[in-house]
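First residue of the sequence shown: 0, per numbering that gives the first Met the number 0; consecutive thereafter. Quick reminder that beta carbons are idealized off the backbone N, C-alpha and C, glycines included. Here's the structure, in structure tokens; my notes come after.
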Amino acid sequence: MMDGRAHLTEAFRWSREAEVELAEILALGLGMAGPAAVGAAMGNLPLGMMAALGGLAAGGVGMGASAGAQLRALGRALAPVGLAGILAALVAGHGW
Numbered sequence: 000m001m002d003g004r005a006h007l008t009e010a011f012r013w014s015r016e017a018e019v020e021l022a023e024i025l026a027l028g029l030g031m032a033g034p035a036a037v038g039a040a041m042g043n044l045p046l047g048m049m050a051a052l053g054g055l056a057a058g059g060v061g062m063g064a065s066a067g068a069q070l071r072a073l074g075r076a077l078a079p080v081g082l083a084g085i086l087a088a089l090v091a092g093h094g095w
């Protein structure tokens, strides 16, 4: 069985097997931090954290060679996440 330190080390280990582009890192960060921040601003952080799970959808975005292709891919990935955040706020009855 792993001790706590070994588990944390393995959890935060950077994988060198796949290339990761800066745009992917930024998209995932925004996709997860945005809903969490909205939830915290609404006074319901757990709801924001649940909505932030939708940010994981941006993880499968294939990056294109040009900036325009990357922006279109990010927009297609983050649009459902933004819609989920809006729907979560409406369902919760707090509004914006």
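query	result
Grab me the residues of glycine 81's own chain with a C-beta within less than 6 Å of its C-beta, minus the 5 sequence neighbours each way, in chain order.	none
What number of angstroms, rounded off, separates the C-alpha of alanine 88 from the C-alpha of leucine 27?	21 Å
What separation, rounded to the nearest whole angstrom, lies between the Cα atoms of leucine 52 and leucine 73?	16 Å
Tell me the DSSP secondary structure of glycine 33 in three-state form.	helix
Among Arg4, Thr8, Met31, Arg12, which one has its Cα closest to the Cα of alanine 78?	Met31
Give the straight-line distance between the Cα atoms of alanine 50 and alanine 35, rounded to the nearest whole angstrom.	7 Å
Please report the residue range of the alpha helix (DSSP H) in which methionine 48 lies.	44-51
Between the alpha carbons of leucine 7 and leucine 70, how many angstroms are there, rounded?	34 Å
For methionine 48, which residues of its own chain have a beta-carbon under 7 Å away from its beta-carbon, when the five flanking residues on both sides are left out?	Ala35, Gly38
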